[in-house]
Structures are given as C-alpha cells and as structure tokens.
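Data first, discussion second: the structure below is written as structure tokens.
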Amino acid sequence: MVGFGGEVIVVRSLRKVYWPNVALDNVNLSINDPGVHVIVGPNGSGKSTLLSILAGAERPSSGYVRVLGLDPWRDSSKLAPKVKALLDRATLPVWMPCIDMVKVASSIAGAPQSEVKEIAGMLGVDSYWERPYGAYSTGMKRKCLLLLAFIGYPEVLMLDEPFQALDVTSREVVVDLIGERARKGKTILVATHVIPERLEKQMKTITKMELGKVVEVTKVE
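Here you go:
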C-alpha cells in the first residue's frame, strides 16, 4: 500500500522551531517504495524530531507532511491502524509490567499470542516482562519498546534509534525483524547514528542529516 500519488512519505519545506532553536530547517524527503529506509546523523541532527512529526506526535512549525497520503497531525486517528512508531522520547507507565502492555497492543493489532511470544523470546523480554517497567535497565526498556513496535504488521513502521543500549545479539535480532517486515512489503523508516553492517545490505535509501537539514540522499542498489 502506498499513499497519495504513489508516495509513502512526503516532506516538503518542513521546519520545526523550539524557540530560539531550529530543530528542522527546510527539510525535504520522499519515500516512494516499501522496504528499509535509513536516516542517519549525529545526535542533534534532527532525526528524532523528524520521526516524531511523521508519527503525528508533534506538530510542524511549517511545511507539508504526508504519510500514506494523510497529514499525520490532523489525521492521526486514520493513520493509527496503518502506522506504528518507536520514538526515542517515548515514555511508558513505570508501574505497569511489559507483559500487560503487550497484551493490550496485541489485542489492538489482532496479533496472535504465538507470534508475540516468539518475538519476546527472540529479544529476551520474556525473562523479565512480568516485572514493572520502572525496574528495568535502559537496555531492558529498549527491548520492551521494540517488542511493542514489532507487534503486528503496520504499513509503515518508524524506529528511532532502535539499536541504542542493545548488545550485539539483540541488534542482529532487530535487523532480522526489520528485514522480515520489509520482505512482506512494509515500509520501515529507521533513524540511527550507527548503521549495523547487516542492515546496510537491506537498505533502499539512506538520508544523511546534519544540524536539522538533509545534506544527502542516496539510493542503495
């Protein structure tokens, strides 16, 4: 499935200002095909802000943004069944165990419990997910967020720094899960400052950002 005009994601002249700082400055981006698309750049380059706007979590200061032909800010309810996002700024209730969050998410997505348990086992979340979220280490929290993100098969999946605080084995699992969804014709947008080697082999495009601007877009053969 693609958006209006055959484009999955369209961004034109996008600006986001946290006065007096400009987080995004005249950003333009087009993603036309399903598959893995990576946004890379150092901390402070604007990656997280861009994904937050694309996910409908923040309103742009100005510019044009469409995901599957819809405005993510105004049409968030329409996009909710089709788009999922793991945002770097995400917060979850500290008193709630990950397993309870997963039950809610899988019910909404209509995902079978066998599939959820398989992903939980791959990430190692099932070894601690009955404990309250606030008791987790940084890496454990990241894995819980990843599990929630990988439940179901939305048309567009956005992942902000999915490899952060993960060990090598867990990073490989995440890359495998990304690839599996890409093979099913889904669009996966990954924002990261470090690209794992195995992910490089799956990328369709790589967008480089610096200081709130897109400095280079490369199609990967």
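Residues 7 to 227 (my numbering) make up the sequence shown, in order. We put the CB at the ideal spot given by N, CA and C, even for glycine.
Residue i - DSSP class collapsed to helix/strand/coil
| i | result |
| --- | --- |
| ARG65 | coil |
| PHE10 | Interpretation of PHE10 is limited by its pLDDT of 43, a score under 50 that renders its predicted location unreliable; the figure taken from the coordinates is listed afterwards. In the structure shown, PHE10 sits in a helix (DSSP, three-state: H, G or I). |
| SER143 | coil |
| ALA115 | helix |
| ALA126 | helix |
| GLU136 | coil |
| VAL4 | No answer is possible for residue 4: it lies beyond the span of the chain, which begins at 7 and ends at 227. |
| ALA155 | helix |
| GLU222 | strand |
Check whether residue i and residue j have beta carbons under 8 Å apart
| i | j | result |
| --- | --- | --- |
| LEU264 | VAL162 | Look at the range of the chain in this structure, 7 to 227, and you will see that residue 264 is not part of it. |
| ARG21 | VAL28 | yes |
| LEU85 | VAL73 | yes |
| LYS90 | PRO160 | yes |
| SER67 | VAL23 | yes |
| ALA115 | ASP166 | no |
| LEU57 | LEU98 | no |
| ARG148 | ALA126 | no |
Assigned exposure category for residue i - 16 Cβ within 10 Å defines buried
| i | result |
| --- | --- |
| MET102 | exposed |
| PRO40 | buried |
| GLN208 | buried |
| SER54 | buried |
| TRP25 | exposed |
| PRO3 | Lying before the first or after the last residue shown, residue 3 is absent from the chain, which here runs from 7 to 227. |
Residue interval of the alpha helix (DSSP H) (run including residue i)
| i | result |
| --- | --- |
| ALA188 | 174-189 |
| THR55 | 53-60 |
| LEU85 | 82-85 |
| ARG204 | 203-206 |
Extent of the continuous beta strand (DSSP E) to which residue i belongs
| i | result |
| --- | --- |
| GLU216 | 209-216 |
| THR97 | Where THR97 is concerned, there is no enclosing beta strand (DSSP E), given that its DSSP letter is neither H nor E. |
| ASN49 | It is not in any beta strand (DSSP E) - ASN49 carries neither H nor E in the DSSP assignment. |
Count the C-beta pairs between the region 175-194 and the region 91-111 that are closer than 8 Å, then say yes if the count reaches three, no if not.
no
Assess contact between the region 212-220 and the region 33-48, defined as three or more Cβ pairs (one per stretch) separated by less than 8 Å. Is contact present?
Contact holds: three or more Cβ-Cβ distances are below 8 Å.
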